[in-house]
Amino acid sequence: MSTSKSTFRLSFMLLLVLLTSILAACGSDSATTAPSGSTTTSNEPRTIKLWHYEGANSAMGIAWAESIKQFQAAHPGVTIQFEEKGFEQIRQTAGMVLNSNETPDILEYNKGNATAGLLSTQGLLTDLSAVATQRGWDTLLSSSLQTTARYDDKGVMGSGKWFGVPNYAEYVMVYYNKDMFAKANLQVPTTFAEFEAVMDAFVQQGITPLSVGGAEYPAQQIFYELVLSKANREFVNAFQLYQGDVDFRGPEFTYGAEKMAEWVSKGYISKDATGIKAEDMGVAFTNGTFPIMISGSWWYGRFSDEIKGFEWGTFLFPGNKLHPGSSGNIWAVPTNAQNKELVYDFIDITMSQDIQTLLGNSGGVPVNADVSKITNEKNKELIQNFDAISKADGLAFYPDWPAPGYYDVLVANVQELIDGTKTPSEMLDAIAIPYQEHRATLGK
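In short: position in the sequence shown from 1, add 9, done, that's this note's numbering.
Okay, structure coming up:
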């Protein structure tokens, strides 16, 4: 009798152990990747932290809000916790945040050597090379758009591993107030000389032509447009990719600095622009205070939504074959991120044709849209202009990309060029030093 009881107890205990193991396996909250590449999850609630800095009524903001809805519908029990951040906020703090336990699972991050490239060398971003192949991102994106997704072991863009996924494209153009042009009897300029003549005409009427944000990125992009007006692809590759020597006293940079100083002296740019941020620049144009604004396609959707008091349009910087522009900022996945397979599912949705078409119809430059379904004529023009620049190999990236901290160097020195505290030669010498010092560290 005692032997039977012992045998029964042992059998019962073994059964409990087996049941516990089975329940533990069934209750696991880990994600499982299906053969198709999609991810399935358990019903246990999860949260994915997403950061980006696009306005809610921007093309990207609209498209990504819809992406969140589609993702959550396809992943019951998974919530995307979106936290809106400022461009400057992420630019200044990403290195610290991504190295902490406060890191998001996915964020929109600035592309280029000085930003994504730098963080890739510090081990803060996930290598997405295998995922890009598995998910087909490497075939969906053209080679030119992949430039800002891939970085070598020194953080130089254009080759090496994937550390981000571009979701849209962008370029710098000229926005203009059609009503103010018509009132002044002015036509859209097609040459650089005609462009200056238009601005002269506004100055003669007591109107400062250009809305400029000198406290942030916009002013340095105007400076770069002027530099590019005298540049070729060899110059861009030397400056951006270190494929050749760069002379800051050469004709390209010298012309850009001297011409920008001249534009201030002629009244095209106010000296007060040094204290104006990008947001205030855009609001001033929206309010009809200035007839012209030189900035990026990221404003396009917002202007379409917010400008009600006048007709507006765009044109490419007259006379230039090269323009500031590239793929858009990238989806980056921090090394310390959780739920990476779910994050890859979200990126897939943002790259899908229906979301990309929505982005295009909302005033953005998509990378995978059904162009036949872009219904707004203005938006078609925006996309066609980008395609024309891209096909002509006219994307010249942005001036702050080549070196870490170069954004702040350019902001400060272009401000001093505008307010006259530095001459063009002094300004060029000041921006040459940190650039050449960084190249030396790379052995370039």
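Positions of the beta carbon are idealized from the N, C-alpha and C atoms, including for glycine. Only a predicted model underlies this, so the values are computations on that prediction, with no experimental measurement involved.
Buried or exposed: where does residue i fall if 16 or more other Cβ atoms within 10 Å of its Cβ makes it buried?
i      : result
Val380 : exposed
Ile442 : exposed
Thr384 : exposed
Pro300 : buried
Asn370 : buried
Asp256 : exposed
Ala65  : exposed
Asp254 : exposed
Ala191 : exposed
Ser109 : exposed
Ala287 : buried
In angstroms with no decimal places, state the Cα-to-Cα distance between residue i and residue j.
i      : j      : result
Ile115 : Gln90  : 11 Å
Asp314 : Phe395 : 21 Å
Lys382 : Ile77  : 22 Å
Pro375 : Gly452 : 37 Å
Thr142 : Ala266 : 43 Å
Val352 : Ala74  : 15 Å
Thr295 : Ala139 : 44 Å
Leu134 : Glu179 : 23 Å
Gln101 : Pro413 : 11 Å
Asn422 : Ala439 : 7 Å
Gly337 : Val212 : 35 Å
Ala397 : Glu205 : 24 Å
Arg242 : Val181 : 17 Å
Asp3   : Lys94  : With the chain covering 10 to 453 only, the question about residue 3 has no answer from this structure.
Pro260 : Pro408 : 16 Å
Leu367 : Ser434 : 46 Å
Leu107 : Ala123 : 16 Å
Given a cut-off of 9 Å, decide if residue j and residue i are closer than it, judged by their beta-carbon atoms.
i      : j      : result
Gln249 : Tyr416 : no
Gly322 : Lys187 : yes
Tyr264 : Leu219 : no
Val197 : Phe324 : yes
Met208 : Lys268 : no
Ile356 : Ala83  : no
Gly372 : Gly310 : yes
Asp147 : Phe172 : no
Tyr160 : Gly126 : yes
Val273 : Ile427 : yes
Measuring alpha carbon to alpha carbon, tell me which residue in the options is nearest residue i.
i      : options                        : result
Thr298 : Gln131, Gly318, Thr283, Tyr309 : Gly318
Gly328 : His84, Thr200, Glu75           : Thr200
Ser151 : Ile303, Ser399, Leu127, Trp60  : Ser399
Asp162 : Gly132, Gly173, Ala139, Phe190 : Gly132
Ala72  : Ala378, Phe326, Arg448, Ala449 : Ala378
Ser67  : Glu425, Thr450, Asn388         : Asn388
For the ligand NAP, is there a heavy atom less than 8 Å away from the beta-carbon of residue i?
i      : result
Lys387 : The ligand content of the structure shown is nil, which means the ligand NAP is not present either.
How many whole angstroms separate the CB atoms of residue i and residue j, which I take to be in contact at a CB cut-off of 8 Å?
i      : j      : result
Trp308 : Gly291 : 6 Å
Gly87  : Gln81  : Position check: residue 87 holds Val in this sequence, whereas Gly was assumed. 7 Å between Cβ atoms; contact.
Leu154 : Pro175 : 5 Å
Glu117 : Trp60  : 7 Å
Phe244 : Leu437 : In fact, because the Cβ distance is near 15 Å, the residues do not count as touching under 8 Å.
Arg144 : Asn348 : At roughly 16 Å, the Cβ-Cβ gap does not stay under 8 Å, so Arg144 and Asn348 are not in contact.
Leu237 : Ala405 : 5 Å
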